[in-house]
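A.B. asks:
Residue numbers (UniProt numbering): 1 to 89.
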């Protein structure tokens with residue numbers, strides 16, 4: 001192998017792959033956000049319904065749905081905020 005071919009191969013071996021710009025990378029899957037909110041509403045709404053049946057009340061299902069939606073929104077914020085921090089730093 002010639003000296004110039006060896007230097008070209010050495011330079012090509014040290015070359016780093018191109019990195020994606022921050023605008024090209026996806027920010028997150030919106031289905032995760034949908035899943036968090038729907039599952040939170042479903043699980044806590046079901047728990048509120050069960051407590052309503054057990055205690056003989058009628059308002060705990062609504063409270064459970066609101067708490068579940070709140071937790072789902074919080075989990076969505078925490079997941080996407082974490083992904084954003086990993087991309088930036």
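Note that the Cβ used here is the ideal one computed from N, Cα and C, for glycine as well.
Quantities reported herein were computed from a predicted structural model and do not represent experimental measurements.
1) Look up residue 76 in the DSSP assignment and say whether it is helix, strand or coil.
2) Applying the 10 Å Cβ sphere with the 16-neighbour rule, what's the burial state of residue 60?
3) Between residue 40 and residue 69, how many whole angstroms is the CB-CB distance? I'm expecting something under 8 Å.
4) Assess, as a yes-or-no matter, whether the region 51–59 is touched by the region 70–80 under the definition of 3 or more beta carbon pairs within less than 8 Å.
5) For residue 77, count neighbouring C-beta atoms within 10 Å of its own C-beta (all shown protein chains included) and say buried if the count is 16 or more, exposed if not.
C.D. replies: In terms of the structure at hand:
1) DSSP places residue 76 within a helical segment (H, G or I) once states are collapsed to three.
2) It counts as buried.
3) So it is a contact: roughly 6 Å between Cβ atoms.
4) Short answer: they don't touch.
5) The residue is exposed, with fewer than 16 neighbouring Cβ atoms inside 10 Å.
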